[in-house]
Amino acid sequence: MTGIRLTAPAPGWAIDADVVVVGSGVAGLTAALRCAAAGLDTVVVTKARLDDGSTRWAQGGIAAALGEGDTPEQHLDDTLVAGAGLCDEEAVRTLVTEGPDAVRRLITTGAHFDTTDSGDIALTREGGHHRRRIAHAGGDATGAEISRALVEAVREAALHTIENALVLDLLTDAEGRTAGVSLHVMGEGQHDGVGAVRAPSVVLATGGMGQVFSATTNPSVSTGDGVALALRAGAEVSDLEFVQFHPTVLFLGADSEGQQPLVSEAVRGEGAHLVDADGVRFMLGQHELAELAPRDIVAKGITRRMHEKGTEHMYLDARHFGAAMWEQRFPTILAACRSHGIDPVTEPIPVAPAAHYASGGVRTDLRGRTTVPGLYACGEVACTGVHGANRLASNSLLEGLVFAERIAADIAEVRPPRTEPAEASREADDLVPLLAPEARTAIQRTMTGGAGVLRSADSLATAAEALEALHHEAAADAEADGAKAVVPGVDAWEVTNLLLVSWVLVAAARDREETRGCHWREDRPDRDDAHGRRHLVVRIGPDRAPVVHRTETAAFPPVRPSD
Numbered sequence: 009m010t011g012i013r014l015t016a017p018a019p020g021w022a023i024d025a026d027v028v029v030v031g032s033g034v035a036g037l038t039a040a041l042r043c044a045a046a047g048l049d050t051v052v053v054t055k056a057r058l059d060d061g062s063t064r065w066a067q068g069g070i071a072a073a074l075g076e077g078d079t080p081e082q083h084l085d086d087t088l089v090a091g092a093g094l095c096d097e098e099a100v101r102t103l104v105t106e107g108p109d110a111v112r113r114l115i116t117t118g119a120h121f122d123t124t125d126s127g128d129i130a131l132t133r134e135g136g137h138h139r140r141r142i143a144h145a146g147g148d149a150t151g152a153e154i155s156r157a158l159v160e161a162v163r164e165a166a167l168h169t170i171e172n173a174l175v176l177d178l179l180t181d182a183e184g185r186t187a188g189v190s191l192h193v194m195g196e197g198q199h200d201g202v203g204a205v206r207a208p209s210v211v212l213a214t215g216g217m218g219q220v221f222s223a224t225t226n227p228s229v230s231t232g233d234g235v236a237l238a239l240r241a242g243a244e245v246s247d248l249e250f251v252q253f254h255p256t257v258l259f260l261g262a263d264s265e266g267q268q269p270l271v272s273e274a275v276r277g278e279g280a281h282l283v284d285a286d287g288v289r290f291m292l293g294q295h296e297l298a299e300l301a302p303r304d305i306v307a308k309g310i311t312r313r314m315h316e317k318g319t320e321h322m323y324l325d326a327r328h329f330g331a332a333m334w335e336q337r338f339p340t341i342l343a344a345c346r347s348h349g350i351d352p353v354t355e356p357i358p359v360a361p362a363a364h365y366a367s368g369g370v371r372t373d374l375r376g377r378t379t380v381p382g383l384y385a386c387g388e389v390a391c392t393g394v395h396g397a398n399r400l401a402s403n404s405l406l407e408g409l410v411f412a413e414r415i416a417a418d419i420a421e422v423r424p425p426r427t428e429p430a431e432a433s434r435e436a437d438d439l440v441p442l443l444a445p446e447a448r449t450a451i452q453r454t455m456t457g458g459a460g461v462l463r464s465a466d467s468l469a470t471a472a473e474a475l476e477a478l479h480h481e482a483a484a485d486a487e488a489d490g491a492k493a494v495v496p497g498v499d500a501w502e503v504t505n506l507l508l509v510s511w512v513l514v515a516a517a518r519d520r521e522e523t524r525g526c527h528w529r530e531d532r533p534d535r536d537d538a539h540g541r542r543h544l545v546v547r548i549g550p551d552r553a554p555v556v557h558r559t560e561t562a563a564f565p566p567v568r569p570s571d
């Protein structure tokens, strides 16, 4: 345990439970429903409304070997290739073997997927998949349908939910075991202000950290809160350097910041072509799958072509689909494009890569357990070893589903007793100095410039220097008399979390002196299997700086010494 936590008022209220699930995407709500079904008193805490997480933005679908002739072994092979030598094969095998039945249980829960005329689940292809195995809903609204079904199930089950609540820190008992979380409810709902949910099992399902960068497909709530909480609690994180930049995000201008509209990979899966301003298909010859290569390869191909042509974007051409196909298969994307003055029926779509998915996160085992007893993680906040150096398209929803079920099974089997949280230290040395909310833009621009699609030793060193300067400035302000101290609040807590996860990401990216998967070092363009087929495990040291440890093999060490 680090003993450090965010500067915040002491909890003014508390409720007790067996399990608290933080997050309301596919991972969080699945874990909560399975825990409740096992008879565990379960509380769901979510940062906005129940359906406001990243899941509802997922367009493409959920990958599983559901089609005739497809097998989990083929799905495994495609996943391992995309992961560029860093996937944990046992984790991937677990995912692809348990995935089909997990999807069927999701359907039983109430999710409706698109079907063929014969009534079978309609399947499409995406990048890196050699077979059609992506189940989708509402054409390109898969995440929204999954979210709808799970939210309805949670409400029907009458689970205790706390919406509009930002989780702050992990509570632990005198033995260092998990004892709940502190949180701040943002002016709505049953509770106001800082409080606590006391529970011996905490499931982090807080999603990603895309808001670290200026332009991202992630919603505004994706500020790395779960990873930051875990780091402060002493947990290990891994593979944070592998941030996937989605190749085809609607280009709205070089100065556009915040959440950007995604143009799903499924558009390419149905036959759209990437072209430059001259109409040349530049992905041909770069990979056997051309536009359907794994995402890191397509993002690099687009970026290279942009540099060659001196332009800020490329184009996705799907005019040959015709109006009817656009309206039936991709209504959400069609509406988003038209709302920005682009009609994909009659013109190519301007696209450029933007931050999309964190392949790394809080390190877990196959039961979702982290290195802190009683703390679990699933979904994008977790690093199960499934994704390796680059996530295979549409494996994310499946990972959240499969490992959430595994976590619930483990908690139901162990059923740890409730314990009293230890009294939190109020000493200044144990409090993380808060950044002023306006520092968010500085962090995002620093990360985009120094740790974006293209990285180098120089760019990463510059980013690290800028981040450390922000940290030292916040510490100096905290020690100053009165006037400069930042007032605790949601904006300050979020930006402080962003700084911590950025600092750790840059530390890992500096240590990985090779190009692998979605980590692209301009100064180290080759893959180094002799030294690079290792995971970088990071924790916070006594001086609050990231401590990076390289594993001895491509396999993760156990999360518990006795395992």
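Offset between the sequence shown (1-based) and the numbering used here: plus 8. Here a beta-carbon is modelled for each residue, glycine too, at the ideal position from N, C-alpha and C. What you are looking at is a predicted structure, and each value in this text was computed from that prediction instead of being measured.
Taking the CA atoms as reference points, V159 sits about 7 Å from L58.
Under the criterion of beta carbons closer than 8 Å, L191 and A207 do not qualify as touching, at roughly 12 Å. Excluding residues up to 5 positions away in sequence, A145, E153 and A157 lie with their Cβ nearer than 8 Å to the Cβ of H120 in the same chain. Counting along the chain, the unbroken beta strand (DSSP E) around D177 starts and ends at A173 to T180.
Spanning the alpha carbons of D85 and E98 requires a straight line of approximately 12 Å. In the structure shown, V494 falls within a coil segment according to DSSP collapsed to helix, strand and coil.
In the DSSP annotation of this structure, Q67 is not part of any alpha helix (DSSP H), being labelled neither H nor E.
Each residue's CA atom was taken as its position, placing S209 and L41 some 15 Å apart. By the C-beta density criterion, L342 is buried, having at least 16 other C-beta atoms within 10 angstroms.
Distance check between G31 and each of L212, T454 and E413 places L212 closest, using alpha-carbon atoms only. The closest CA to that of E76, considering only V104, D96, L131 and L114, is found on L131.
In terms of Cβ geometry, L248 and A516 form a close pair [threshold 8 Å]. In chain order, V494 place their CB closer than 6 Å to the CB of A444, counting only its own chain and leaving out the 5 sequence neighbours on each side. The region 276-296 makes no contact with the region 98-116; the number of CB pairs closer than 8 Å stays below 3. Between the region 386-398 and the region 411-418, the count of C-beta pairs closer than 8 Å reaches three or more; the two stretches touch.
Comparing C-alpha distances from A149 to each of T379, A363, Q336 and E421 shows the shortest one belongs to Q336. In the assembly as shown, D534 is an exposed residue. Its beta-carbon has fewer than 16 other beta-carbons within 10 Å. A direct Cα-Cα distance of roughly 11 Å separates P302 from Q294. In this structure, V370 is the residue among V370, G396 and A430 with its C-alpha nearest to the C-alpha of G232. Here the C-alpha atom of V380 lies approximately 42 Å from the C-alpha atom of A344.
Scanning its chain for C-beta atoms nearer than 7 Å, with the 5 sequence neighbours on each side dropped, one finds around A143 the residues G69, I70, A72, L74, V111, F121, I129 and L131, in chain order. Here R524 is buried: its Cβ has 16 or more other Cβ atoms, across all protein chains shown, within 10 Å. Note: G266 is bridge-paired with A223 in the DSSP secondary-structure output.
Exclusion of the five residues before and after P554 leaves W511, V512, A515, V546 and I548 as the residues of its chain whose Cβ lies within less than 7 Å of its Cβ. Sequence-distant partners of A165 (beyond 5 residues in either direction) whose C-beta falls short of 6 Å from its own C-beta, in its chain, are A44. Cβ-Cβ distances below 8 Å link D263 to nothing in the same chain once the five nearest sequence neighbours on each side are left out.
Restricting attention to V28, Q67 and G36, the CA atom closest to the CA of L48 is found in V28. Around the Cβ of G91, a 10 Å sphere holds 16 or more other Cβ atoms; the residue is buried. Each residue's CA atom was taken as its position, placing V53 and L176 some 11 Å apart. Beta bridge pairing from DSSP links G369 with S246. A residue is called buried when at least 16 other Cβ atoms come within 10 angstroms of its Cβ; E296 does not meet this threshold and is exposed. If you look at V27, you'll find it in the beta strand (DSSP E) that goes V27 to V30. In terms of CA proximity to V498, D200 leads the group P569, V461 and D200. Here H395 carries a coil assignment [DSSP, helix/strand/coil].
At a Cβ-Cβ threshold of 8 Å, F253 and H364 count as neighbours.
The alpha-carbon separation between V51 and L237 amounts to approximately 18 Å.
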